[in-house]
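I have placed the structure first, in the form of structure tokens, so that the comments after it can refer back to it.
Numbering (our numbering), first residue to last: 12 to 128.
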């Protein structure tokens, strides 16, 4: 089921429980910074500008997951997360999620002066 609209309200309450912090083992310029266990509750509402006038049609879910932050070759920070969430409304099956993001930092003094690749 797809919802569309001109306005969005989104709330996310998440509790991170550190499992592994600052792993000392570094190999080939790679370092695992942190691994966390997460418990979260999310709610959202999509529609036009009238969504701010009522609490009807708010969709909510809760779930659990794992997140990690890894630095590769001392310049590329990768964040990955895997989670499973269940809608609080009846009739929906649990959904699995995988999120991967990367942040690249240009080394100081490089020729491109922080303009990316």
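Where is the CB? At the ideal position from N, CA and C, for every residue including glycine.
The beta carbon of residue 112 lies closer than 7 Å to those of 90 in the same chain, with the five residues before and after it left out. DSSP, read as helix, strand or coil, puts residue 78 in strand. Nearest to residue 73 by C-alpha distance, out of 58, 94, 64 and 67, is 94.
Within its own chain, the residues whose Cβ lies closer than 7 Å to the Cβ of residue 21, once the five positions on either side in sequence are excluded, are 55, listed in chain order.
Residues of the same chain with a CB within less than 6 Å of the CB of residue 69, apart from the 5 flanking positions on each side, are 54 and 56 in chain order. Beta-bridge annotation (DSSP): residue 47 is paired with 29 and 78.
Residue 41 carries a strand assignment under DSSP once its states are collapsed to helix, strand and coil.
Taking one beta carbon from each stretch, the region 57-64 and the region 76-86 have fewer than 3 pairs nearer than 8 Å; the two do not touch.
Secondary structure of residue 95 (DSSP, three-state): strand. DSSP links residue 62 through a beta bridge to no other residue. Residue nearest to residue 16 within the set 28, 27, 23 and 58 is 58 (criterion: CA-CA distance).
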